[in-house]
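K.L.:
Heads up: the sequence shown is residues 122 to 518, going by my numbering.
Yeah, the Cβ is synthetic: ideal placement off N, Cα and C, and Gly gets one too.
So that we are looking at the same thing, I have put the structure below in structure tokens.
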Amino acid sequence: MSEYLYQKTNHYFGQLASGTEKCGMDELKELGASNIKPGYLGVYFCANQRTLYDIVYRTRIFSRILAPLIVFDCHSEKYLYKTAQNIDWTDFLTLTKTFAITANVADSNIRNSQYAGQIFKDAIVDQFREKTGERPNVDTHNPDLQLNLYIHENKARISVDLGGGSLHKRGYRVESVEAPMQETLAAAIIRLSGWHGERPLYDPFCGSGTLLCEALMQTCNIPAAYLRHKFGFLRLPDFDAAVWNQVKTKANSEMVEIGQTRLSAPHVEQAFQPAQVLVGGSDINPDALQAVRANRKALPSGESIKVRRADFHDLEGLNNTTIVTNPPYGIRLGDEDSAAALLKDFGDYLKQKCTGSTAFVYYGDQSLVKKLGLKADWKQPLRNGGLDGVLCKYELY
Ligand SMILES: C[S@@+](CC[C@H](N)C(=O)[O-])C[C@H]1O[C@@H](n2cnc3c(N)ncnc32)[C@H](O)[C@@H]1O
């Protein structure tokens, strides 16, 4: 069996959304990675096998963790095909397992990502055909092995996706309403808010409850991949089931009930009295509340997320609370003028009724920031899907 690049170097690459690099690097450090360095839309790091499994199981910020198999100069399709065929794919796949490929090509002789992915797939399939007369199937929805091809300036990298697909799919979202936020972005926002369960957290535009679910997962220390069944690292030739079981058992044993201080949050210095509702929210749309109720079910302590139907104009004050929210915005929700008017009212609500609170408002459209009428303590650009959003912090006195 060959020795692959990740085995020689213990080097890996984590992909994340633009704007979340610092959050991702801090998280990797906490999880025990070393040599952490920023790269293009991601972070390079080193980890031993145990730490690596732990990172894939617990990361809230990264959407993919990739283990490189080879890196090579790649000036033509022919060379891509030939080099991909040099890997013995039986190290990773059998005929009963399925696979899928994500390909990304930029500034290279091969111009089209989809075409590059197709060549790569042919190389794998043809190798199996030549050896066995049969080929493994492609399954783009739920493959056993997810491979990644990245070509930049004619330098190619072939990697195994260790999560086995995008890690933003936690497994709790069974229903959503308009403009849901990616789970990885919601986790980054909760992290940037610095909230650790020491006072209530509330989302007055909760939609399908992504921010609430991520807040609950963080405060209860629920591993981000707790509900995931398949992992790409299970297909690595050096996969160690005993180590994986230990990692998973340890991580699961560190979960706590909502309202308990956890050991891994050393910055929470004092014990606190859990409020009656620690994680709560509201939304004007009844379908949104139905979605939150469906989504929270899968999570341990999920029923402690309390939601109700309310127009924020009718809410009582939210004092001494961490308000984390993503109000409606024009591009996705249709009407920019009404989004601006709503934000002005929301700014007045924060000013007048939220004494002693801190608000973290995520705008899907940066041009809306000024409509709130409050001066932000800081702003952090964060991308959500294809949208250039920004998170702003407001201390409310
Ligand atoms: C951008 S979405 C929030 C998405 C949410 N973060 C998620 O991940 O699903 C904005 C939400 O604001 C709600 N909304 C609009 N006007 C409202 C109002 N006046 N009061 C309360 N909620 C409102 C919408 O129903 C929608 O669910």
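1. Looking at the strands, I want to know which residues DSSP matches up with Ser-280.
2. With a threshold of 6 Å (Cβ to nearest heavy atom), would Thr-370 be considered close to ligand 1?
3. Taking only three categories from DSSP, how would you classify Asn-225?
4. If you draw a straight line from the C-alpha of Ala-480 to the C-alpha of Leu-512, how long is it?
5. Between the segment 300-319 and the segment 498-518, do three or more beta carbon pairs fall short of 8 Å?
6. Is DSSP giving Trp-499 helix, strand or coil here?
7. Note down, one range per segment and in chain order, each alpha helix (DSSP H) of at least 4 residues found wholly within the segment 124-208.
8. Could you tell me which residues DSSP pairs with Cys-475 in its beta bridges?
9. In whole angstroms, what separates the C-alpha of Leu-283 from that of Tyr-174?
10. Leaving out the 5 sequence neighbours to the left and right, which residues in its chain are closer than 8 Å to Leu-214 when beta-carbon positions are compared?
11. Under a three-way DSSP split, which group does Gln-514 fall into?
12. Quick one, which of Lys-472, Gln-501, Ser-478, Gly-286 has its alpha-carbon nearest Asp-486's?
13. Would you mind sorting Glu-319 into buried or exposed? The rule is 16 or more other CB atoms within 10 Å of its CB.
14. Between Gly-438 and ligand 1, is the CB less than 6 Å from at least one heavy atom?
15. Is the segment 403-421 close to the segment 353-368, with three or more CB pairs under 8 Å?
16. Taking only runs of the alpha helix (DSSP H) that begin and end inside the segment 295-322, which ones reach a length of at least 4 residues, in chain order?
17. If you drop the 5 nearest sequence neighbours on each side, which residues of the same chain put their C-beta closer than 8 Å to that of Pro-301?
18. If you draw a straight line from the alpha carbon of His-132 to that of Ala-154, how long is it in whole angstroms?
19. Counting C-beta neighbours from all protein chains within 10 Å, is the total for Asp-194 16 or more, i.e. buried, or is it exposed?
20. Might you give, ordered along the chain, the residues of its own chain that have their beta carbon closer than 6 Å to the beta carbon of Ala-415, omitting 5 neighbours on each side?
21. Is Leu-489 helix, strand or coil when you go by DSSP?
22. In chain order, what residues of the same chain lie with their CB nearer than 7 Å to the CB of Gly-163, ignoring the 5 residues before and after it?
23. Report the residue from Val-445, Thr-442, Val-490 whose alpha carbon sits nearest the alpha carbon of Leu-463.
24. Over the uninterrupted alpha helix (DSSP H) stretch that includes Val-368, give me the two end residues.
25. For ligand 1, which residues count as neighbours when the test is a C-beta closer than 5 Å to any heavy atom?
26. According to DSSP, Ala-519 sits in a beta bridge with which residue or residues?
27. Locate the alpha helix (DSSP H) running through Ile-245, then write down its first and last residues.
28. Quick check: what's the CA-CA separation for Ala-205 versus Lys-351?
29. Following the continuous alpha helix (DSSP H) through Val-400, name the residue where it begins and the one where it ends.
30. Please state whether DSSP places Arg-504 in a helix, a strand or coil.
31. Please list, in chain order, all residues of the same chain as Gly-292 whose beta carbon is under 7 Å from its beta carbon, the five residues on each side excluded.
32. Going by C-alpha distance, which of Ala-431, Ile-231, Tyr-323 is nearest Glu-274?
33. Between the C-alpha atoms of Glu-424 and Lys-143, what's the straight-line distance to the nearest angstrom?
34. Would you tell me roughly how many angstroms separate the C-alpha atoms of Ile-157 and Lys-290, rounded to the nearest one?
P.N.:
The structure says:
1. Here residue 280 refers to the residue found at position 159 of the sequence shown. Answer by DSSP bridge pairing, in chain order: Pro-189, Asn-269.
2. Counting from 1 along the sequence shown, the entry for residue 370 is found at position 249. The answer is no for Thr-370.
3. To locate residue 225, count along the sequence shown from 1; it is residue 104. Three-state DSSP puts Asn-225 in a strand.
4. Taking the first residue of the sequence shown as position 1, residue 480 is located at position 359. Taking the first residue of the sequence shown as position 1, residue 512 is located at position 391. Answer to the nearest angstrom: the Cα atoms are 10 Å apart.
5. yes
6. By 1-based counting over the sequence shown, the position of residue 499 is 378. In this structure, Trp-499 counts as strand in the three-state DSSP scheme.
7. 126-130, 142-151, 170-179, 198-207
8. Within the sequence shown, residue 475 is the residue found at index 354, counting from 1. Beta-bridge pairing links Cys-475 to no other residue.
9. Looking up residue 283 in the sequence shown gives position 162. Looking up residue 174 in the sequence shown gives position 53. Approximately 9 Å, taken between the alpha carbons.
10. Here residue 214 is taken as the residue at index 93 of the sequence shown, counted from 1. Excluding residues within five positions, the ones whose Cβ falls inside 8 Å are Phe-220, Ile-245, Phe-249, Pro-257, Asp-265, Leu-266, Arg-356.
11. The residue labelled residue 514 in the question sits at position 393 within the sequence shown. The sequence given here places Lys at residue 514; Gln does not occur at that position. Strand, per DSSP.
12. To locate residue 486, count along the sequence shown from 1; it is residue 365. Closest by alpha carbon: Gln-501.
13. The residue given as residue 319 occupies position 198 in the sequence shown. Answer is buried; the Cβ neighbour count reaches 16.
14. Within the sequence shown, numbered from 1, the residue matching residue 438 stands at position 317. No, the Cβ of Gly-438 stays beyond 6 Å of every heavy atom of ligand 1.
15. no
16. 304-314
17. Within the sequence shown, the letter at position 180 stands for residue 301. For Pro-301, where only same-chain residues beyond five positions count, the Cβ hits under 8 Å are Arg-294, Gly-328, Ser-329, Thr-331.
18. Residue mapping note: residue 132 aligns to position 11 of the sequence shown, counting from 1. Residue mapping note: residue 154 aligns to position 33 of the sequence shown, counting from 1. One C-alpha to the other measures close to 10 Å.
19. As a first step, residue 194 is located in the sequence shown; it is residue number 73 there, counting from the start. Result: exposed.
20. Along the sequence shown, read from residue 1 onward, the residue named residue 415 stands at position 294. Cβ within range, chain order: Val-295, Glu-296.
21. As a position in the sequence shown, residue 489 is number 368, starting the count at 1. Reduced to three states, the DSSP call for Leu-489 is helix.
22. On the sequence shown, residue 163 is found 42 positions in, with the first residue counted as 1. Here the set comprises Phe-134, Gly-135, Gln-136, Leu-137.
23. Residue numbering aside, residue 463 sits at position 342 when the sequence shown is read from its first letter. Ranking Val-445, Thr-442, Val-490 by Cα distance to Leu-463 puts Val-490 first.
24. Position 247 of the sequence shown holds residue 368. It spans 362-374 - the alpha helix (DSSP H) in which Val-368 sits, taken as one unbroken run.
25. Ala-300, Pro-301, Met-302, Phe-326, Gly-328, Ser-329, Thr-331, Asp-404, Ile-405, Asn-406, Ala-409, Asp-432, Phe-433, Asn-447, Pro-449
26. Look at the range of the chain in this structure, 122 to 518, and you will see that residue 519 is not part of it.
27. Stepping through the sequence shown from its first residue, residue 245 is reached at position 124. Start and end: 234-253.
28. Numbered from 1 along the sequence shown, position 84 holds the residue referred to as residue 205. Numbered from 1 along the sequence shown, position 230 holds the residue referred to as residue 351. Answer to the nearest angstrom: the Cα atoms are 24 Å apart.
29. Residue numbering aside, residue 400 sits at position 279 when the sequence shown is read from its first letter. Taken as a continuous stretch (DSSP letters only), Val-400 belongs to no alpha helix (DSSP H), being part of the beta strand (DSSP E) at 400-404.
30. Taking the first residue of the sequence shown as 1, we reach residue 504 at position 383. It is a strand residue.
31. Taking the sequence shown and counting its residues from 1, one reaches residue 292 at position 171. Excluding positions up to five away in sequence, the list reads Leu-348, Arg-349, Ala-419.
32. Residue 274 sits at position 153 when you count from the first residue of the sequence shown. Glu-274 has its Cα closest to that of Ile-231, out of Ala-431, Ile-231, Tyr-323.
33. To locate residue 424, count along the sequence shown from 1; it is residue 303. To locate residue 143, count along the sequence shown from 1; it is residue 22. The alpha-carbon atoms of Glu-424 and Lys-143 are separated by roughly 32 Å.
34. Stepping through the sequence shown from its first residue, residue 157 is reached at position 36. Stepping through the sequence shown from its first residue, residue 290 is reached at position 169. Distance between the alpha carbons of Ile-157 and Lys-290 is about 24 Å.
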